[in-house]
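See structure below.
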Amino acid sequence: MRITDTSDLWWKTAVVYCLDVETFMDWNDDGVGDFEGLAHRMDYLAELGVTCLWLMPFYPSPDQDDGYDITDFYGVDKRLGNHGDFVEVIRTARDRGMRVIIDLVVNHTSDKHPWFQAARSSRNSPYRDYYVWRDEPPKDAAETVFPGEESGVWNFDERTEQYYLHSFYSHQPDLNVANPKVREEVEKIIGFWLQLGVSGFRVDAVPFLLDPSGVMPGKGDLPDPMGYLRSLREFLGRRSGEAILLGEANLPHKDQLVYFGGDDADALTMQFDFVVMANMYLSLARGDAGPLTAALADRPPIATASQWANFVRNHDELTLDKLSETEREEVFAAFAPDEETRIYDRGIIRRLPPMLGGDPRRIRMVYSLLFSMPGTPVLFYGEELGMGENLEAGGRKSVRTPMQWTAEKNGGFSNAAPSRLASPVAVGGYSPEHVNASVQRHDPDSMLRFMRILIERYRASAEIGWGELEILEQANPAVLAHRVTGGEGSMIAVHNLSAESTTVTLRFADLGEDDRLVDLLLDGSITTPSAKGAVDLTLDAYGYRWLRVLAPGEKRLS
């Protein structure tokens with residue numbers, strides 16, 4: 026299947042906003058966020074400029090892994106509401122021009138899932154081959170994803186006296202996608218939620234889903250892994266012409282190209298760029314744009330119907346595994362010097378503002394950079410406010426604190442007693458008293474207002490989502506200057522990663538003194554290139570500029 030119709034690739038210029046219903050807004054004051062609360066906050070998201078909501082798992086779950094340990098792929102956690110409440114959120118979002126995607130977590134189930142309960146009841150259970158079993162763990166078993174929390178990826182089941190595979194936690198047994206019945210179930214799950222109105226899925230842990238190494242020899246014919254991914258995309262396309270697969274594939278760029286489906290673009294629609302994200306933090310730590318520049322230049326060309334998803338912070342640890350050990354230590358030293366802020370020897374459990382010492386210049390520069398890079402920006406809830414973390418929550422939960430709506434009790438998230446909250450609120454300088462949506466909505470200089478402007482300018486600059494990247498040469502190693510050009514036009518972005526102001530000179534072979542470079546973020550000022558196409562730009566410490574290129578007589582708004 027070759028994807029050729031580009032008439033409505035809505036996700037090319039989307040603004041994706043990830044949230045956990047459990048920690049977003051509690052409408053019935055039981056301490057847990059719910060779908061009714063989310064529906065009542067849809068206008069806030071529309072005002073921000075969000076065009077696509079990504080909902081983290083809301084399925085029934087023992088909640089041992091923030092909802093990623095699922096007991097019913099077709100259900101809704103009763104604490105959050107019911108299917109009627111879910112559909113109302115879809116309707117409300119659509120009414121405000123937003124689509125909704127949800128997490129597809131089919132690499133594993135909870136060990137409380139009825140399939141696994143049946144599978145471990147007997148070796149002869151019809152559900153036995155829904156999972157991966159061995160008499161003895163293989164000698165070349167993969168290392169655990171969670172060092173320090175799990176000793177391996179095989180766990181012994183005393184009742185049936187065999188080991189089952191769990192790529193993640195031991196309470197999350199891996200599904201066996203070599204089993205045709207499992208593949209049929211995955212398609213049913215996709216079809217079910219599409220029928221309820223979702224516009225696609227964020228696919229969890231794609232490489233683990235496709236990894237055939239743990240499957241028992243002789244237990245079904247394992248399809249070509251990429252063939253299976255293509256079949257999922259094909260099924261998705263048959264059921265919905267607009268739906269996407271946004272993949273979590275933390276891999277080198279060359280491998281990600283394969284996961285896109287190459288020139289045919291018939292596998293994952295979008296992928297998170299973990300390489301660029303990690304190198305952005307390395308550049309921030311050094312005050313040197315070199316690592317980020319190299320990572321962007323390393324991106325392979327992708328088909329029009331594929332897209333990179335850019336992000337500053339996701340809902341897990343800030344993973345740095347794509348850096349060398351030495352590079353990782355540089356980032357740790359700069360942004361997570363205390364052991365309590367690190368996890369799994371590879372990640373950081375802090376949000377961006379505390380990592381940058383609360384410096385508003387630096388924080389805004391980073392988000393300007395995010396929205397200017399070719400691709401689709403993805404925000405984690407609360408980033409638009411500059412929320413911090415609560416390390417006392419422990420582990421990944423440190424960055425999953427309740428959304429801060431007001432300066433009131435529990436940040437306006439819930440009127441329940443603090444002890445009943447799904448997660449403790451942030452404390453200290455990033456507590457709701459200091460950081461909340463209510464105050465920032467009325468402050469023209471707030472982070473929220475700044476983020477609205479960024480989103481507005483991004484949405485009016487389609488070339489960022491559709492265009493081609495050009496790294497611009499200039500003399501200052503602390504500065505990243507790039508240009509994105511597409512059918513809609515061209516824009517230039519310049520970012521200073523250092524604490525020193527600077528002036529950079531850019532040269533353009535295709536521009537002259539009849540062209541105009543119009544400032545999109547600061548004041549709308551106009552810069553005119555010299556006759557030879559040279560432009561001098563002054564940047565403050567951690568300064569940034571977006572410049573729209575306008576040829577003589579061009580009617581595009583600036």
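My numbering applies: residue 26 is where the sequence shown begins, and numbers increase by one. Beta carbons are placed, not taken as given, at the ideal position from N, Cα and C, and that holds for glycine. As the structure is a prediction and not an experimental result, all values here were calculated from the model.
Asked, Found
"Have a look at P232 and A203 and give me their C-alpha separation to the nearest angstrom.", "14 Å"
"Hey, how far is the Cα of E488 from the Cα of H138?", "46 Å"
"I need the straight-line Cα distance from E364 to G514, nearest angstrom please.", "47 Å"
"Check the DSSP bridge columns for G511 and list the partner residues they point to.", "G514"
"What's the gap between the Cα of K37 and the Cα of Q332?", "7 Å"
"Could you check whether I95 and L221 sit closer than 8 Å to each other, using their CB atoms as the reference points?", "no"
"Do T510 and L562 have their CB atoms nearer than 8 Å?", "no"
"Out of A319, P87, L307, which one is the CA nearest neighbour of S135?", "P87"
"Can you check the segment 153–186 for any alpha helix (DSSP H) of at least 4 residues that lies completely inside it and give the ranges in chain order?", "none"
"In whole angstroms, what is the alpha-carbon distance linking L282 and M81?", "25 Å"
"Helix, strand or coil: how does DSSP classify N304 here?", "helix"
"Below 6 Å CB to CB, which residues in the same chain sit around V403 once its five sequence neighbours on both sides are set aside?", "V41, A334, F336"
"Quick one: is H108 buried, meaning 16 or more other Cβ sit within 10 Å of its Cβ, or exposed?", "exposed"
"Using alpha carbons as the reference points, say which of E414, G177, W218, L276 lies closest to R264.", "W218"
"Who pairs with H459 in a beta bridge, going by DSSP?", "Paired residues: none, contrary to the question."
"Considering only the beta carbon of each residue, do E352 and L307 sit closer than 8 Å?", "yes"
"Taking DSSP as the reference, what is the three-state secondary structure of L293?", "coil"
"Using CA coordinates, which residue listed in D55, R338, V391 is at the minimum distance from I373?", "R338"
"Kindly indicate the opening and closing residues of the beta strand (DSSP E) around I269.", "269–272"
"If you check the beta carbons only, do A441 and D55 fall under 8 Å apart?", "yes"
"Measuring CB to CB, does M7 end up less than 8 Å from M50?", "The shown model of the chain, from 26 to 583, leaves out residue 7, and the question about it has no answer."
"According to DSSP, is Y284 helix, strand or coil?", "helix"
"Who are H18's beta bridge partners in DSSP?", "With the chain covering only 26 through 583, there is no way to say anything about residue 18."
"Would the beta-carbon of I497 fall within 8 Å of that of S526?", "The sequence shown places Leu at residue 497, rather than the Ile named in the question. No, they are not a contact pair."
"Give, in chain order, every unbroken run of the alpha helix (DSSP H) that is at least 4 residues long and sits entirely within the segment 35–87.", "46–49, 60–65, 67–73"
"Helix, strand or coil: which one does DSSP assign to A500?", "coil"
"Just curious, the beta strand (DSSP E) that W491 is in, first and last residue?", "It is not in any beta strand (DSSP E) - W491 instead sits in the alpha helix (DSSP H) that spans 488–491."
"Between Q89, L261, R124, L257, which has its C-alpha nearest K422's C-alpha?", "Q89"
"Mind checking which residues open and close the alpha helix (DSSP H) that includes Q599?", "Missing from the structure shown is residue 599; the chain here goes from 26 to 583 and no further."
"When the Cβ atoms of the segment 564–575 are set against those of the segment 387–394, are three or more pairs found closer than 8 Å?", "yes"
"Using only the alpha-carbon positions, how far apart do I517 and Y369 sit?", "38 Å"
"Buried or exposed for R581, going by 16 or more other Cβ atoms inside 10 Å?", "exposed"
"Taking only the alpha-carbon atoms, compute the straight-line gap between M476 and G92 and give it to the nearest angstrom.", "29 Å"
"Start and end of the alpha helix (DSSP H) containing F475?", "472–484"
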